[in-house]
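Just so you know, we're using the numbering used here here: the sequence shown kicks off at 9 and counts up by one. Every residue, glycine too, gets a C-beta built ideally from N, C-alpha and C. Note sheet for the following structure.
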Amino acid sequence: MLPKELAAASTRPLLLAILSRGEDYGYSIIQQVRQASGGQIEWSEGMLYPVLHRMEKEGLIQSSWKQANNGRRRKYYSVSANGKKSLAQHREHWLAVHDTLTLLWGPKACLS
């Protein structure tokens, strides 16, 4: 399991990355994050929906109600143009962190 702080810091870029692939609904998003992280990131509905609502207010995502195949109505979320720009910025920032850690943890790093 990832530390709480790291999981929280990665929430927005993960959501934007998932929604950049196409619209989706809450439970499916939770399942995708769990699967993609190999179970290292576990989101609850109580954590996810407030973040989705804030991101929608900020104009990063949009939502619409649709009928699912089982007849239930679900709220589907999709990334907006501003959300795509934000995702590109997040990607740059996370790649910079990744590259820095890779360099520091390279073959000459003393991890003992």
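Return the Cβ separation of SER28 and VAL87 in integer angstroms, given the expectation that the two are a contact with Cβ distance under 8 Å. 5 Å
What does the alpha-carbon distance come out to for the pair ASN90 and GLY67? 7 Å
By the 10 Å Cβ neighbour count, where 16 or more other Cβ atoms means buried, how is ARG80 classified, buried or exposed? exposed
Out of ALA17, LEU24 and ASP32, state which residue places its alpha-carbon closest to the alpha-carbon of ARG82. ASP32
Helix, strand or coil for TRP113? Go by DSSP, reduced to three states. coil
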